[in-house]
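Contents: one structure, followed by commentary.
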Amino acid sequence: MPNTLVVGGGLAGLATAAALRNIANIDAVHVVEKMCDTLANESAGAAIQLGPNAFKALEAIGGGKTFVEKIYEAGSVLEETLILLPGAADGTVTPTASIPNTAKAETGYPIVLVRWGVLRKLLGELLPEESLSFGTGSEIVGYAFSDDDDDDDKDNGNNNMNNNVEPVDKEGKKVAVDGSSFSSSQLIIGADGLHSVFRERVQTNTMTVPVPEKDSEQSVSSSSLKDMKRVNIKAVVPVELKELGVPFTKEGATFAQFSPQLAGFAGPAGKGHTYWAISVADDEESGSKFLSFINDDDGYKAASKKLLLEKLEASSSSDGVDRKWIISLVERTDSNAIWINRSLEAPVKETDSFVSKDARVVLVGDAAHAMNSSFGQSASFAFEDAATLALLLKENNENDNGSSRKNNSNKINNNDVAKALQDYSDKRTGRCMEIQRRSEERAAKAMRGEEELEDVS
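Residue numbers (this note's numbering): 955 to 1411.
Okay, here's the thing in structure tokens:
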């Protein structure tokens, strides 16, 4: 029976589950994901950039270099970034400024762009199939202490890690996890992404959502997100970037183009695939937002693709920036493969914690620190979270047992677990605050055309 429940089967959730098993030697881990999409769908999502910090963590999570080498093979190693400058006088070739990626020479680990669905599949392969449940848990908004605990455990108070907790819905009722023998756990990992319900539980020190007044509607999603005043549109298209001709024929190169209101990016994301992303800033004077209403409806995505192409053409006409390259990529993209989202951040403050006061919920990934995408560090920091948490729990286990052997009960040890979790929070909050600050500064510079490459990994 699982005694650690991971809520969220994205990259952060899968990586944390694998880290707990492979690093902390905790076998009793179960992942629940509300989306029905399975790990076999490699076309899910867009693409992820990974740097040396990600690969250091993934090497530990995946049990060695063999795992990270699979990611290298599945993705594209990036050698340099080419900044596209205003067109040449004859309009035939777009001049570029080259910024080399020195990560591999300096750290031994490259920078890689890989499709999100492919990376998710590789992480899922680190876990037993029976430890994963998809299409379940959408009702989860909080947790409660289990009624199944022994009376002796209850008498010791809720801070006793032997008092199990179970996920509950907005009415406080236990949520059954389909396809699993799971009933309750000692620890819940909140890996439920940007609109995390567990972030709200931790920040407000509540176990469940407050009961709304009669006949009123109340959202259970977090309201602690900062709008970065931009909309991001991205996709992976099954074409080789070199098909666009010079200068896009250069192997291992990504391309970026910046203007005050619109930024574009493209790069290779594994053999036969190209990733592109466009960021459109809100109008500073009017406050109007491009694609202000966002949903996942197929018809909406088709209409949005049309509006995006019109926006790119109109912007080129008004500012004189040649965007034929990114227009070509958007035109070749199936509208259903396009992802659209507001640029939102979950700001981390000095007083914040990634762990609930009762030490029953731990936040990882975007649930803990959703950040600006300008440094491409969102997934990398999620993997840092996973490895750091697992290493601290392993150290706690070793201190308790005098060795790295597993508990016979497959439970997280009671002694000092709360301290290990708080150490995790302390280590992560400071680093996340710093990268969030620098990411926001970099994004602002990029939108002003003052781009510079800085390795923060």
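We treat Cβ as the ideally placed atom computed from N, Cα and C, and that holds for glycine.
- The beta-carbon separation of F1009 and Y1063, rounded to 4 angstroms, stays under the 8 angstroms limit for a contact.
- In this chain, G1078 is not harboured by any beta strand (DSSP E); it is covered by the alpha helix (DSSP H) spanning 1070-1078.
- Cα atoms of I1002 and K1188: separation of roughly 11 angstroms, rounded to the nearest angstrom.
- In terms of Cβ geometry, E1205 and T1228 do not form a close pair [threshold 9 angstroms].
- As the crow flies, the alpha-carbon of T1050 is around 34 angstroms from that of A1011.
- In this structure the segment 1077-1089 lies against the segment 981-1000, because at least three pairs of beta carbons, one per stretch, are closer than 8 angstroms.
- D1181 is bridged by DSSP to L1298.
- With respect to T1208, E1304 sits apart: the two C-beta atoms are not nearer than 9 angstroms.
- Taking each of D1251, M1161, A1028, L1262 in turn and checking the Cα distance to I1065, the smallest one comes out for A1028.
- Secondary structure of V1191 (DSSP, three-state): strand.
- Within the same chain, L1004, F1009, L1012, V1066, V1068, L1073, L1076 come within 8 angstroms of I1025 by CB-CB distance, once the 5 residues on both sides are set aside.
- Beta-bridge annotation (DSSP): L1038 is paired with T1050.
- The alpha-carbon of A973 is positioned some 8 angstroms away from that of A1014.
- The three-state reading of DSSP puts A1372 in helix, counting H, G and I together.
- Of the residues Q1140, L1347, G967, the one whose Cα lies closest to the Cα of D1312 is Q1140.
- Taking 9 angstroms as the cut-off, the Cβ atoms of R1314 and V1119 count as close.
- By the Cβ test, the segment 1330-1346 is not in contact with the segment 1288-1296, since fewer than three Cβ pairs between them sit closer than 8 angstroms.
- Buried is the label assigned to L1038, since at least 16 other Cβ atoms lie within 10 Å of its Cβ.
- Here A1000 is not near A1321, since their CB atoms are 9 angstroms or more apart.
- In the three-state reduction of the DSSP assignment, Q1003 falls in the strand class.
- Shortest Cα-Cα distance from L1298 to any of L1148, L1036, L1081 involves L1148.
- The beta carbon of E1093 lies closer than 6 angstroms to those of D1123, V1129 in the same chain, with the five residues before and after it left out.
- Beta-bridge analysis with DSSP links N1186 to S1233, N1295.
- Look at A1145 here: in three-state DSSP terms it is coil, with no helix or strand label.
- The straight-line gap separating the alpha-carbon atoms of Y1097 and T1061 is approximately 42 angstroms.
- For E987, the enclosing beta strand (DSSP E) stretches over residues 983-987.
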